[in-house]
Amino acid sequence: METKLLKPSKESLDLACKLLKQGEVVGVPTETVYGLAGDCKNSNAVKKIFQAKGRPQDNPLIVHISNLKMLDGIVSYVPEDAKILAKHFWPGPLTMIMPKGKAICDETCAGLDSVGVRMPSHPIAKELIERSGVPFAAPSANLSGKPSPTTAEDVFADMNGRIPLILDGGQCNAGVESTVLSLLQETPIILRPGVITQKQLEAVLHKKVEVAKAITQEIDKNEKVLSPGMKYKHYSPNAKVVLVRGSFKNFKAYVEKKYENGTFAMCFDGEDKKLSIPSICYGKKSDAASQAHNLFSALRKLDKVGAKIVFTRCPQKNDISLAVYNRLIRSAGFDIIDV
Ligand code: TXA
Ligand code: MG
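In terms of the working numbering, the sequence shown is residues -18 to 320.
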């Protein structure tokens, strides 16, 4: 299959709408990361998404809508908390897990009786849903296990030959995927942290919001997970990633001692100049949003330069940093060293 990579125009958006309506899969920019979009009500379309990604069958997809009316049939009811949160955070990078409605196919939800829904704020994603009338299921547009793509070129690198079209909307703004929040119980639980934080959610809901343990800790193989995505290795470049926690001074001493051919440091902006080994920066030390924005493209760059082992500066664990920490600890397979 030939994969077209097109800038947004009337023609390319028309083509994308046509493909979606025909049950094909399209690479689409969103404000978080690029997605692989397919009609959430069409089993065959959703099967093609799983195939293109090589995604495990038991990992459900997020449904993207462009207005609240579309929730009819997608969810069986809308919890009160969801109404409040939608008012504050939609369109935007918040996915809410609600009871599944009858209109979506089982493949979208991987057989679960709940569904994750979000309303993206990216103008191209929005327009595509509005114009086609197709609420689309869309996972991140990477091959399963790889870092999520934040540019159309990154999508092309993984999906060339696997899907007919990628729309090029430039670099994604947030850089990490949406915050996933379960509303299936009285106390909402964050299943995946993103740029919308626990504090922001609590401030709007006026109640406690929990953070799932699996966000920062490796879970036991036999433990029950709240979100299937928590079980899998994720966000991994070809290189082995090791998180190194401690001061820059100790980090520098450690990585310079460990250096051999193929070793890289992944550090905060400006620190590269103080290191004597090859290094890649992933954002400002005191600005988690900039780390989130750059993280996945830095991980992908490491593959391009042929890194074998990557020692990475450890981010904080609060607010937006929690999203960065969560992606890094997973790309490191929970390998973390204190220096
Ligand atoms: O920002 C995003 O959310 C991006 C863009 C494209 O919108 N999409 C994305 O999708 O990150 P994906 O498939 O890569 O991640 C979806 C996550 C997975 O960890 C999955 O297990 C979880 O959400 N999830 C989806 N539906 C769920 C459900 N019903 N219950 C629990 N977890 C669910
Ligand atoms: Mg993903």
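For every residue, glycine included, the Cβ atom is placed at its ideal position computed from N, Cα and C.
Remember, it's a predicted structure, so these values are computed and weren't measured experimentally.
Name the DSSP beta bridge partners of residue i, please?
| i | result |
| --- | --- |
| SER327 | With the chain covering -18 to 320 only, the question about residue 327 has no answer from this structure. |
| PHE292 | VAL223 and ALA246 |
| CYS153 | Bridge partners of CYS153: none, in fact. |
| GLY97 | ILE43 and ILE78 |
| GLY8 | LEU17 and ILE147 |
| LYS285 | For LYS285, which the question treats as bridged, DSSP gives no partner whatsoever. |
| THR160 | LEU75 |
| ASP319 | ARG226 |
| LEU(-14) | ILE147 |
Which value, in whole angstroms, describes the spacing of the CA atoms of residue i and residue j?
| i | j | result |
| --- | --- | --- |
| SER57 | PHE229 | 51 Å |
| PRO101 | ALA288 | 34 Å |
| ALA313 | HIS215 | 9 Å |
| GLU252 | PHE245 | 13 Å |
| LEU148 | ALA234 | 44 Å |
| LYS225 | VAL185 | Note on residue identity: the sequence assigns Val, not Lys, to residue 225. Their Cα atoms are separated by approximately 35 Å. |
| SER47 | CYS295 | 37 Å |
| VAL190 | PRO128 | 28 Å |
| ASN275 | ALA63 | 30 Å |
| VAL176 | SER159 | 7 Å |
| PRO259 | GLU108 | 42 Å |
Once the 5 residues before and after residue i are set aside, which same chain residues still bring their CB inside 6 Å of it?
| i | result |
| --- | --- |
| LYS81 | CYS90, ASP94, SER95 and VAL96 |
| GLY73 | SER102 |
| GLY16 | VAL9, ALA119 and ALA122 |
Quick one: grab the DSSP three-state call for residue i.
| i | result |
| --- | --- |
| GLY73 | coil |
| GLU191 | strand |
| ILE170 | strand |
| LYS81 | strand |
| ASP268 | coil |
| LYS165 | Just to set this straight, residue 165 is Leu in the shown sequence, not Lys. In this structure, LEU165 counts as coil in the three-state DSSP scheme. |
| VAL236 | helix |
| CYS90 | coil |
| VAL56 | strand |
At a cut-off of 7 Å, is residue i close to the ligand GTP when judged by its beta-carbon and the heavy atoms of the ligand?
| i | result |
| --- | --- |
| ILE144 | This structure lacks the ligand GTP; its bound ligands are the ligand TXA and the ligand MG. |
Going along the chain, which residues of its own chain have a beta-carbon closer than 7 Å to the beta-carbon of residue i, five neighbours each way excluded?
| i | result |
| --- | --- |
| LYS22 | ALA84, ILE85 and CYS86 |
| PHE232 | VAL225, ARG294 and VAL320 |
| PHE137 | THR(-16), LEU(-14) and ILE147 |
Here's a check: name, in chain order, each residue in its chain whose Cβ is nearer than 8 Å to the Cβ of residue i, leaving out the five neighbours to either side.
| i | result |
| --- | --- |
| GLN38 | PHE31 and ALA91 |
| GLY19 | LEU1, GLY4, GLU5, VAL6, VAL7, ALA26, VAL27, LYS29, ILE30, PHE117, ALA118 and ALA119 |
State buried or exposed for residue i, treating a residue as buried only when at least 16 other CB atoms are found within 10 Å of its CB.
| i | result |
| --- | --- |
| ASP53 | exposed |
| ASN307 | buried |
| GLY264 | buried |
| GLN3 | exposed |
| ASP319 | exposed |
| PHE292 | buried |
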